[in-house]
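Residues 51 to 171 in our numbering are what the sequence shown spells out, letter by letter. Reading through the structure tokens given below for one structure.
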Amino acid sequence: LPNVLADIDRVEQVLVNLLGNAVTYTKTGSITVRVGKESIGNPVSRLGIAVVDTGVGIASQDLPHVFERFWRAEKSRNQHNGGTGIGLAISQRLVELQGGKIEVESQAGIGSTFRFYLPLA
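Here it is, written out as structure tokens:
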């Protein structure tokens, strides 16, 4: 893998948050971590890290809010744990402070993919 401009401790914290959520909301199925270099224009590239799960997923109306501090989806997601709703907001801030970007794709009942990108060194 290529070198990235990143604080390894902060990257670890983001991964712990994303993997913790994936484990919490995936009672059966799978969790996969994918890492790879991605071109976003010539010659600009970045490192992409994705946490993909087949858990309960997130409803489409909730997706715009998942990175808001203290926001928690209702219904099935709240039944699973007593988290504070701050982990994804912290993860977003940590990624952005390193010049990166974080995003989510999800479907209720199917699963979620959280991806974050970091600039190459």
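Here a beta-carbon is modelled for each residue, glycine too, at the ideal position from N, C-alpha and C. Keep in mind it's a predicted model, so treat the numbers as computed, not measured.
With 16 other Cβ atoms within 10 Å as the buried cut-off, status of residue i
| i | result |
| --- | --- |
| residue 166 | buried |
| residue 97 | buried |
| residue 111 | exposed |
| residue 58 | exposed |
| residue 127 | The pLDDT assigned to residue 127 is 45, lower than 50, so where the model puts this residue is not dependable, and the model offers no usable value. |
| residue 85 | exposed |
For residue j and residue i, believed in contact at Cβ under 8 Å, the rounded distance
| i | j | result |
| --- | --- | --- |
| residue 135 | residue 120 | 5 Å |
| residue 168 | residue 67 | Not quite, the Cβ-Cβ distance comes to about 15 Å (not below 8 Å), so this is no contact. |
| residue 148 | residue 60 | 7 Å |
Close beta carbons around residue i, own chain, < 6 Å, minus the five adjacent residues each side
| i | result |
| --- | --- |
| residue 155 | 163 |
| residue 79 | 104 |
| residue 83 | 101 |
| residue 109 | 158 |
| residue 77 | none |
First and last residue of the uninterrupted alpha helix (DSSP H) at residue i
| i | result |
| --- | --- |
| residue 64 | 58–75 |
| residue 140 | 137–147 |
Cβ-based neighbour list, residue i, same chain, cut-off 8 Å, excluding 5 preceding and 5 following
| i | result |
| --- | --- |
| residue 170 | 52, 53, 54, 55, 87, 95, 96 and 97 |
| residue 69 | 81, 83 and 101 |
Limits of the unbroken beta strand (DSSP E) element including residue i
| i | result |
| --- | --- |
| residue 161 | 161–169 |
| residue 103 | 95–103 |
| residue 156 | 151–157 |
| residue 82 | 81–89 |
Same chain, Cβ closer than 7 Å to residue i, neighbours up to 5 away in sequence not counted
| i | result |
| --- | --- |
| residue 157 | 107 |
Inset, instruction - Answer yes if the region 88–106 comes into contact with the region 61–73, meaning at least three C-beta pairs across the two stretches below 8 Å, and no otherwise. - result: yes
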